Amino acid sequence: MSEAVVVGSGPNGLACAVTLARAGVSVTVLEPENTIAGGTRTSELTLPGVLHDHCSAVHPMAVGSPFLNSLGLEKHGLEWRWPEIDLAHPLDDGSAGLLEQSLEATEQWLGPDGPAWRRLFGAPASSFDLLTEDLFQPVLHAPRHPIRLVRFGLPAAMPATLLTRLFKSPQARALFGGAAAHAFSPLNHPMSSSVGMALTVACHRFGWAVARGGSRSITDALAAVLLEHGGKIETGVRVK
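The working numbering applies: residue 1 is where the sequence shown begins, and numbers increase by one.
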């Protein structure tokens, strides 16, 4: 039997390990911390019983992931929950930009900028299931839906500071700018709109879901699937 060692027990590492284990490979996951989770780590950081996600907190891409949905993670305790308001970006004057899964509700919140918001996000949101077939592929691949990918990719390739000029109000600009900031790159750089586009479109398709019990519930469920297929996890092991 082939053997593989996966370093790191975050969701990406565990997804890799599960894929290998399901293919019949003997897999061992090594994690330097004493608990698994990586960027989906959850713990009580302030008050007893109050759980805090250390890094990722909302998971619109996970809800729509064909791979994760194929694993039956709900059998291992994963439950998704959706807020009424998916995202609020407060401003100094007391107002806020508000994002809901409903495109129509978000349009109403944004007032005069609502039509521009729909023009930018409506079409890719309605076809996001098809878009993900290309977005979740390696960069170098033959697109299955090239026209849809180009329509999404053109604004995604723009600097966020340029794309926000489509909107007139500070609320709409802040709402998209906050989502784009998840790219961890200067917002005046090319491609800085890409993550904001993906997160906003995914919100209008799936909502910004959270995992009940914290994001660690995702990795707990993935770990259970891995163990089910004969994989092993060793914590407290640092690879140098």
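Ideal placement from N, C-alpha and C gives every residue a C-beta, glycine not left out.
Remember, it's a predicted structure, so these values are computed and weren't measured experimentally.
Determine the direct distance from the alpha carbon of residue j to that of residue i, and round the result to whole angstroms.
| i | j | result |
| --- | --- | --- |
| P66 | R173 | 32 Å |
| L73 | D93 | 43 Å |
| L110 | L98 | 8 Å |
| S56 | I147 | 31 Å |
| L199 | G153 | 14 Å |
| L149 | V29 | 35 Å |
| K75 | P155 | 39 Å |
| V195 | Q137 | 15 Å |
| F176 | S215 | 24 Å |
| L47 | V210 | 20 Å |
| V27 | V5 | 6 Å |
| D86 | E107 | 14 Å |
| A224 | D129 | 27 Å |
| F184 | V58 | 17 Å |
| A23 | L226 | 11 Å |
| F167 | G114 | 9 Å |
| V139 | E234 | 32 Å |
| S127 | G77 | 30 Å |
Take residue i and list the residues in its own chain whose beta-carbon comes closer than 6 Å to its own, dropping the five residues that flank it on each side.
| i | result |
| --- | --- |
| F206 | P60, V63, G64 |
| N69 | none |
| K232 | T28 |
| G13 | V6 |
| E3 | S26 |
| P32 | R238 |
State yes or no: is the C-beta of residue i within less than 9 Å of the C-beta of residue j?
| i | j | result |
| --- | --- | --- |
| G178 | H52 | no |
| R144 | D134 | yes |
| S246 | P112 | With the chain running from 1 to 240 in the structure shown, residue 246 is simply not present. |
| M1 | V18 | no |
| H182 | A21 | no |
Does any residue of chain D bring its CB to less than 9 Å from the CB of residue i?
| i | result |
| --- | --- |
| L110 | Of the protein chains in the structure, only one exists, and it is not chain D. |
Return the chain-ordered list of same chain residues with a C-beta closer than 7 Å to the C-beta of residue i, the five sequence neighbours on each side being excluded.
| i | result |
| --- | --- |
| H204 | Q101, L103, F121, A125 |
| V239 | V7, L30 |
| A96 | A88, H89, P90, Q171 |
Based on Cα-Cα distance, which residue from the options lies nearest to residue i?
| i | options | result |
| --- | --- | --- |
| A221 | P11, E44, V5, A183 | P11 |
| R81 | A223, V225, I218, K240 | I218 |
| E79 | E228, T235, I233, G213 | G213 |
| G236 | S9, L91, G230 | S9 |
| A157 | A180, A142, H141 | A180 |
| M197 | L226, G13, P159 | P159 |
| L162 | S193, A142, V139 | S193 |
| E84 | E234, A224, W208, V225 | W208 |
| L71 | C16, G114, F167 | C16 |
| T164 | A224, A116, L14, F128 | A116 |
If you drop the 5 nearest sequence neighbours on each side, which residues of the same chain put their C-beta closer than 8 Å to that of residue i?
| i | result |
| --- | --- |
| L131 | P124, H145, R148, L149, F152, V201 |
| V50 | E44 |
| F42 | Strictly speaking, residue 42 in this sequence is Thr, with Phe absent from that position. Contacts found: L51, H52, D53, H54, G213, G214, S215, R216, S217. |
| H141 | D134 |
| A105 | none |
Original post:
So, do the stretch 189-197 and the stretch 32-40 have three or more beta carbon pairs nearer to each other than 8 Å?
Top reply: no
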